[in-house]
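In what follows, a single structure is set out as structure tokens and then discussed.
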Amino acid sequence: MSYANHAGKPIDIAVFGASGFTGRLVAEYLAERHPPDGAITWAMVGRSADKLAAVRDEIGAPAETPLLIADAADPASLKAVAAQAKVVLTTVGPYQLYGEPLVKICAETGTDYVDLCGEPAWMRQMIDAYEGAAKASGARIVFSCGFDSIPFDLGVFYLQEQAKARLGAPLGTIDCRVRQMKGGFSGGTAASLGATMAAAAKDPSILALLKSPFALAPGFEGPKQDPGAKPRYDEALGSWLTSFIMAPINTKNVHRSNFLAGHPYGADFQYSEMMMTGPGAEGEAAAAHVAASNPLAAKDAPKPGEGPSKEERESGLYDILFLGSGAAGSLTACVKGDKDPGYGSTSKMISEAALCLVDAPLATSGGIWTPAPALGAALIERLEANAGLSFTLE
């Protein structure tokens with residue numbers, strides 16, 4: 001299946017930020033998965049030809065890999081990339097500082113787009129400003145295609161699909177519990193949080209968006225949700241629970257997915273996210289420590305462009321439970337990833353999201369999307385086949 005906005009474009013995927021830490025991992029993954037004689041063509045995009053060439057050689061990408069020069073501050077250079085690429089994959093953040101020109105150009109030119117954004121106030125601003133243009137041009141703009149929020153958004157989607165098939169009805173409540181996570185968050189995530197806090201300090205309306213679980217569902221306000229902010233003990237799980245730092249973005253994306261799809265989970269759908277810290281006094285102490293700390297604001301938090309070693313990425317993992325209940329019964333699902341969440345797994349997830357837009361027969365029309373309604377089962381299939389994720393019932 002082909003799309004009008006893909007016709008005549010020589011490059012399937014343009015990786016913007018390919019000389020940065022996460023962009024380099026994306027390029028490395030594409031080089032391994034798609035050699036130059038294959039069906040997929042991809043390019044490395046950045047500000048410096050010398051840096052791009054050095055990264056290309058270091059990761060073992062073919063010498064003929066296209067290198068495109070573009071700068072977030074130079075719209076003409078971004079337009080030139082969009083003119084050549086079916087999908088622009090961007091790792092250049094914080095997006096609220098550097099992302100708008102590229103979203104604008106892709107929305108206006110009908111160029112598909114994926115990013116790693118976990119900045120909900122900026123995302124809402126982009127929805128308000130450019131969703132109309134994206135719908136008109138056919139551009140499929142898909143935010144949050146990394147650890148925030150693919151495992152969570154698609155985990156809910158998977159469990160709801162299973163519920164429809166097995167119970168005949170969706171689940172009115174899903175509680176997400178991060179059972180295990182080894183590996184850190186990315187430097188880009190830390191920088192994005194800092195930029196968001198700085199913006200909120202200047203503009204009180206941003207704080208209101210950050211607090212609302214329905215901030216990415218314009219014109220819709222659902223029922224009060226469990227904020228999952230305070231430590232508590234869960235008898236059924238036999239574990240203490242505490243706040244999960246990604247919950248404020250993931251919950252907004254899950255509710256936007258429900259909103260975009262016409263509320264298949266129900267207009268009164270309840271969703272919460274918390275982290276499990278274990279039983280007993282040790283679990284209680286860990287829960288209290290997590291609730292009182294912010295790992296992204298720590299002095300040793302990674303800077304943009306920094307990240308863990310290959311060994312650390314390879315030894316990382318995550319294991320996420322989704323506990324669903326409704327009038328027709330209950331179901332539990334599990335999503336697992338075999339690499340550290342912030343880098344190893346994220347780089348594969350966003351790559352597969354971009355590949356999904358290139359060659360999967362999706363019915364997705366133009367607009368600003370979340371992963372589940374845009375890519376759905378096709379992306380789950382890719383992630384399980386290629387990216388080390390699993391989606392199963394427990």
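Residue numbers (the working numbering): 1 to 394. Note that beta-carbon positions come from the ideal geometry of N, C-alpha and C, so glycine has one too.
Coil, strand or helix - residue i by DSSP
i       : result
Gln-180 : strand
Ala-353 : helix
Phe-269 : coil
Met-276 : strand
Leu-167 : coil
Lys-336 : strand
Thr-189 : helix
Ser-257 : helix
Ala-7   : coil
Ala-14  : strand
Gly-283 : helix
Gly-23  : helix
Gly-329 : strand
Residue interval of the alpha helix (DSSP H) (run including residue i)
i       : result
Cys-145 : Per DSSP, Cys-145 belongs to no alpha helix (DSSP H) and is neither H nor E.
Cys-106 : 100-109
Leu-321 : From DSSP, Leu-321 is part of no alpha helix (DSSP H) but of the beta strand (DSSP E) over 317-326.
Ser-137 : 120-137
Distance between beta carbons of residue j and residue i, contact taken as under 8 Å
i       : j       : result
Glu-221 : Thr-251 : In fact, because the Cβ distance is near 14 Å, the residues do not count as touching under 8 Å.
Gly-138 : Asp-115 : Gly-138 to Asp-115, Cβ: 18 Å. No contact.
Ala-354 : Leu-25  : Going by Cβ atoms, the distance from Ala-354 to Leu-25 rounds to 14 Å, so no, they are not a contact pair.
Asp-153 : Ala-372 : 5 Å
Ser-144 : Ile-249 : 7 Å
Leu-241 : Ala-195 : Rounded, the Cβ-Cβ distance is 29 Å, inconsistent with contact.
Leu-216 : Leu-331 : Contact flag wrong, Cβ pair sits at about 26 Å.
Ala-53  : Ala-27  : Not confirmed; about 12 Å, so no contact.
Lys-303 : Tyr-318 : Going by Cβ atoms, the distance from Lys-303 to Tyr-318 rounds to 23 Å, so no, they are not a contact pair.
Arg-140 : Thr-370 : No, Arg-140 and Thr-370 are not in contact; Cβ-Cβ is about 11 Å, not under 8 Å.
Residue i - containing beta strand (DSSP E), residue span
i       : result
Tyr-343 : Tyr-343 -> no beta strand (DSSP E), and no H or E assigned at all.
Ser-390 : 389-393
**Request:** Would you check if there are 3 or more beta carbon pairs closer than 8 Å linking the region 121-128 to the region 77-88?
**Result:** Pairwise C-beta distances place the region 121-128 out of contact with the region 77-88, as fewer than three of them are shorter than 8 Å.
**Message:** Under 8 Å: do the region 154-166 and the region 380-392 share three or more Cβ pairs, one atom per stretch?
**Reply:** yes
**Length at least 4, wholly inside the region 32-118: the alpha helix (DSSP H) runs in chain order** = 49-58, 75-84, 95-98 and 100-109
**the region 209-220 / the region 342-351 touching (three or more Cβ pairs under 8 Å)** = no
**Prompt:** Along the chain, which unbroken stretches of the alpha helix (DSSP H) at least 4 residues long are found entirely within the region 191-251?
**Reply:** 204-211
**Asked** Can you list, in chain order, the stretches of the alpha helix (DSSP H) that have 4 or more residues and sit fully within the region 356-387?
**Response** 371-386
**Request:** Report yes or no: do the region 11-31 and the region 39-47 share at least 3 C-beta pairs separated by less than 8 Å?
**Result:** In this structure the region 11-31 lies against the region 39-47, because at least three pairs of beta carbons, one per stretch, are closer than 8 Å.
**Message:** Would the region 184-201 count as touching the region 213-229 if we require 3 or more Cβ pairs under 8 Å?
**Reply:** no
**Prompt:** Is the region 326-333 touching the region 161-170 in the sense that three or more CB pairs, one from each, lie closer than 8 Å?
**Reply:** Short answer: they touch.
**Asked** How do the region 228-241 and the region 276-284 stand: do at least 3 beta-carbon pairs fall below 8 Å, yes or no?
**Response** yes
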